[in-house]
């Protein structure tokens, strides 16, 4: 049985249903990320797990115990907020000690736990400072220490890196993951940043319009997106519309040219419309022999970006973008020039649902 | 001097004269009790008067009680309105403004009608219960100032996130209010408290009609029967108000966790 079990959970605010019958099982010690655009319901799920919102229907179990209707302070869950939420009137040490004082721990236990937490976040020197005397990154690390000090069953992170600048975000996400691994704490992380989700998580749960679109490892989510939404939301993708010409053989016609997928087309009939996706890094210029696919088109646009040259190739109706490395001894291709793009059969991602 | 600065300066000087000249004149008059010389005799007489000490102590005590009741009423109300019932904000704001619209004399006549000794709740039946009624009356009177001070302070902090952070750390509602919210709106609460103090110390109508030995009726009594002492009392009352204002500033600059 999963450590955290979310069963057919729904949340309605007035006439708006933000979470629609979501099922999610999180294993003990797992780092799972809820990824999706604003309004997809990811934060609402987090808030229901924390106890700040009550589900309209469904059940939340932690370690087998039904906590659906428990108050937040009865759940033993640590939470880190986007806005840090450190108590401004307390020093860093007092902030970290707050939950321990609430739990009526002894003075010596509180002191040693505070010291331990400050060492964990590598900020032992800031114990007596007030939050306003810290940088954003430091404040968020203190918020993490405060959430972990009470030894919570589950750690919830609500877009904790969103308010930080890019460089701090990268270093802090590595620190958060290292701390999570060190403590082995079950963690749910909410973000709309796909890079954060892919780099930190054991599994990623991509959400859209209150539903889970796909749940899988970062490798699965990136390489094998099941839906058009996941394909377009996670990473950069070229999406092409096509028609099945031979389902059994995996043959698809795109803009009058035939390509072949290695994965078959699961019962698709000849003439069925579908969407296929190609990652830019899977595309190469030139004609390839053997089992690779070749598509002929015309160069539509060329953007010189320094180390990389981004080329947009137009077929009849559709177009793809691909990046090539800049080579000083070779001039970039020119607009209007005919070109052949090749890619492997295994690089074709066939997306669920009809193409738009 | 540039023309753009000239008019503000003229306005400032005019305002300062309008405010300071009567005050200086009152102060100057209060020093003339002894013929031919300036002295603080009037202040000595006032401060030595047992009536002054008794009425000031009584009003100070009532003010303190008013502040405690006011804070206990306003802080949770303003907090809950912001956190849980934002739609009720206009209604609550309107209610807190009513004491500015309804004259004190109307309120106190209402009280006398409602709580007289032959009513179902005879609060004017004894001195202590009348004191209690006076405290409630002063809470009402100071509501516009106390509520606004607290509400403004609450708006400067993210009470929702702070509340949720405290809840996730196992904290109960009373602890959140006392240990997390109240210290972070301390300046606002103290600001409201000092304004309340200043209002209660100088209030006349309610104390007089409820027949309580407060500082306001004492000042009126002295003003009607003496020459120099009322001027001294007026200056003392100003000094108390300014001391309150100064304390607000002082507390604001020494709050823990605030940028200085």
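Protein chains in written order, with the numbering used here: chain A, 7 to 362; chain B, 2 to 261. We put the beta carbon where it would ideally sit given N, CA and C, even for glycine. Predicted model, so just to flag it, every value in this text is computed and none were measured.
Is the region 151-163 of chain A in contact with the region 91-105 of chain A, if contact means three or more CB pairs nearer than 8 angstroms?
yes
Examine chain A for any beta-carbon lying closer than 8 angstroms to the beta-carbon of residue 88 of chain B, and answer yes or no.
Here residue 88 of chain B refers to the residue found at position 87 of the second chain. Not one chain A Cβ lies under 8 angstroms of residue 88 of chain B.
Give me the chain A residues within the contact set of residue 181 of chain B, using Cβ-Cβ distance strictly less than 9 angstroms, ordered along the chain.
For this step, residue 181 of chain B is matched to residue 180 along the second chain. Correct list: 93, 95, 96, 104.
Using 8 angstroms as the limit for Cβ to Cβ distance, is residue 163 of chain B near chain A?
Here residue 163 of chain B refers to the residue found at position 162 when the second chain is read from its first residue. Yes, its Cβ sits closer than 8 angstroms to a Cβ of chain A.
Since residue 219 of chain B contacts residue 53 of chain B with CB under 8 angstroms, what's their CB separation in whole angstroms?
The residue labelled residue 219 of chain B in the question sits at position 218 within the second chain. The residue labelled residue 53 of chain B in the question sits at position 52 within the second chain. Right, their Cβ atoms sit about 7 angstroms apart.
Applying a beta-carbon distance threshold of less than 8 angstroms, which residues of chain B neighbour residue 78 of chain A?
For the purposes of this step, residue 78 of chain A is taken as residue 72 along the first chain, with counting starting at 1. Going along chain B in sequence order, the residues near residue 78 of chain A (Cβ under 8 angstroms) are 165, 168, 169.
Output the boundary residues of the beta strand (DSSP E) element that contains residue 162 of chain A.
Position 156 of the first chain, counting from 1, holds the residue named residue 162 of chain A. Counting along the chain, the beta strand (DSSP E) containing residue 162 of chain A begins and ends at 160-164.
Excluding five sequence neighbours on each side, which residues of the same chain lie with their C-beta closer than 6 angstroms to the C-beta of residue 98 of chain A?
By one-based count along the first chain, residue 98 of chain A stands at place 92. Counting only Cβ-Cβ distances below 6 angstroms, and skipping sequence neighbours, we find 132, 133, 135, 148.
Could one say the Cβ of residue 83 of chain A lies closer than 8 angstroms to chain B's Cβ atoms, at least one of them?
Working through the first chain from its first residue, we reach residue 83 of chain A at position 77. At least one chain B Cβ lies under 8 angstroms of residue 83 of chain A.
In angstroms, rounded to a whole number, what distance separates the CA positions of residue 83 of chain A and residue 137 of chain B?
As a working note, residue 83 of chain A is residue 77 in the first chain. As a working note, residue 137 of chain B is residue 136 in the second chain. Distance between the alpha carbons of residue 83 of chain A and residue 137 of chain B is about 42 angstroms.
Roughly how many angstroms separate the alpha carbons of residue 40 of chain A and residue 294 of chain A, rounded to a whole number?
Here the question's residue 40 of chain A lines up with position 34 in the first chain. Here the question's residue 294 of chain A lines up with position 288 in the first chain. C-alpha separation (whole angstroms): 39 angstroms.
Please compile the residues from chain A whose C-beta is within a distance smaller than 7 angstroms of the C-beta of residue 184 of chain B.
The residue given as residue 184 of chain B occupies position 183 in the second chain. Per Cβ cutoff of 7 angstroms: 95.
What is the DSSP secondary structure of residue 218 of chain A, counted as helix, strand or coil?
Residue 218 of chain A sits at position 212 when you count from the first residue of the first chain. Residue 218 of chain A: strand per DSSP, three-state reduction.
Using Cβ-Cβ distances below 8 angstroms, what residues of the region 135-150 of chain B are close to chain A?
none
Sort A:336, A:321, A:352 by Cα distance to residue 342 of chain A and report the nearest one.
As a first step, residue 342 of chain A is located in the first chain; it is residue number 336 there, counting from the start. Minimum Cα distance to residue 342 of chain A is reached at A:321.
Is residue 68 of chain B near residue 194 of chain B, with beta carbons less than 8 angstroms apart?
Sequence index remark: in the second chain, residue 68 of chain B carries index 67 (1-based). Sequence index remark: in the second chain, residue 194 of chain B carries index 193 (1-based). Taking 8 angstroms as the Cβ cut-off, residue 68 of chain B and residue 194 of chain B qualify as a contacting pair.
Would residue 120 of chain A pass as an interface residue toward chain B - the criterion being a Cβ-Cβ separation below 8 angstroms?
Within the first chain, the letter at position 114 stands for residue 120 of chain A. Not one chain B Cβ lies under 8 angstroms of residue 120 of chain A.
Taking only beta-carbon atoms, is residue 158 of chain B less than 8 angstroms away from chain A?
Residue 158 of chain B sits at position 157 when you count from the first residue of the second chain. Yes - at least one Cβ of chain A is within 8 angstroms of the one on residue 158 of chain B.
Tell me, please, whether the CB atom of residue 254 of chain B is closer than 8 angstroms to any CB atom in chain A?
Reading the second chain from its first residue, position 253 is the one you call residue 254 of chain B. So no, residue 254 of chain B is outside the interface.
Using the C-alpha atoms, what's the distance from residue 289 of chain A back to residue 167 of chain A?
Within the first chain, residue 167 of chain A is the residue found at index 161, counting from 1. Within the first chain, residue 289 of chain A is the residue found at index 283, counting from 1. Those two C-alpha atoms are separated by around 33 angstroms.
Let me check one thing: in DSSP terms, what residues is residue 17 of chain A bridge-paired to?
Working through the first chain from its first residue, we reach residue 17 of chain A at position 11. According to DSSP, which records beta bridges pairwise, residue 17 of chain A is partnered with A:25.
Neighbour flag for residue 173 of chain B against chain A, beta carbons, 8 angstroms:
The sequence position of residue 173 of chain B within the second chain is 172, counting from 1. Closer than 8 angstroms: yes.
Is the CB of residue 227 of chain B under 8 angstroms away from at least one CB in chain A?
Translated into positions along the second chain, residue 227 of chain B becomes position 226. With 8 angstroms as the cut-off, residue 227 of chain B does not count as an interface residue toward chain A.
So does the region 182-200 of chain A actually touch the region 31-38 of chain A, counting three or more Cβ pairs closer than 8 angstroms?
yes
DSSP state of residue 151 of chain A, grouped into three classes?
The sequence position of residue 151 of chain A within the first chain is 145, counting from 1. Residue 151 of chain A falls in the helix class under three-state DSSP.
What alpha helix (DSSP H) runs, 4 residues minimum, are completely inside the region 88-128 of chain B?
90-102, 105-116
Using a Cβ-Cβ cutoff of less than 8 angstroms, which residues in the same chain neighbour residue 47 of chain B once the five nearest sequence positions on both sides are dropped?
Counted from its first residue, the second chain places residue 47 of chain B at position 46. So the qualifying residues of the chain are 53, 223, 230, 233, 234, 237.
Could you work out which residues of chain A lie near residue 129 of chain B, taking near to mean beta carbons separated by less than 7 angstroms?
Working through the second chain from its first residue, we reach residue 129 of chain B at position 128. In chain order: nothing, as chain A lies at least about 37 angstroms away.
What is the rounded straight-line gap between the Cα of residue 345 of chain A and the Cα of residue 334 of chain A?
Counting from one through the first chain, the residue named residue 345 of chain A turns up at place 339. Counting from one through the first chain, the residue named residue 334 of chain A turns up at place 328. Those two C-alpha atoms are separated by around 20 angstroms.
Is the number of C-beta pairs between the region 158-168 of chain B and the region 85-96 of chain A that are closer than 8 angstroms three or more?
yes
Hey, does residue 176 of chain B have any beta-carbon neighbour from chain A nearer than 8 angstroms?
Start at 1 with the first residue of the second chain, and residue 176 of chain B comes out as number 175. So, interface residue.
Could you tell me the alpha carbon to alpha carbon distance between residue 170 of chain A and residue 248 of chain B, rounded to whole angstroms?
If you number the first chain from 1, residue 170 of chain A lands on position 164. If you number the second chain from 1, residue 248 of chain B lands on position 247. Straight-line Cα distance between these residues: approximately 38 angstroms.
On a CA-only basis, which of A:314, A:323, A:179, A:20 is nearest residue 337 of chain A? Give me that one, please.
Within the first chain, numbered from 1, the residue matching residue 337 of chain A stands at position 331. Out of A:314, A:323, A:179, A:20, A:314 has the C-alpha closest to the C-alpha of residue 337 of chain A.
Kindly indicate the opening and closing residues of the alpha helix (DSSP H) around residue 283 of chain A.
In the first chain, counting from the first residue as 1, residue 283 of chain A sits at position 277. Residue 283 of chain A -> not in any alpha helix (DSSP H); beta strand (DSSP E) instead, spanning 279-284.
Beta-carbon of residue 156 of chain A versus every beta-carbon of chain B: anything under 8 angstroms?
Here residue 156 of chain A refers to the residue found at position 150 when the first chain is read from its first residue. Yes, contact with chain B.
If contacts are defined as beta-carbon pairs under 8 angstroms, then residue 77 of chain B and residue 178 of chain B qualify, I think. What distance do you get, rounded to the angstrom?
Position 76 of the second chain holds residue 77 of chain B. Position 177 of the second chain holds residue 178 of chain B. Confirmed, about 6 angstroms.
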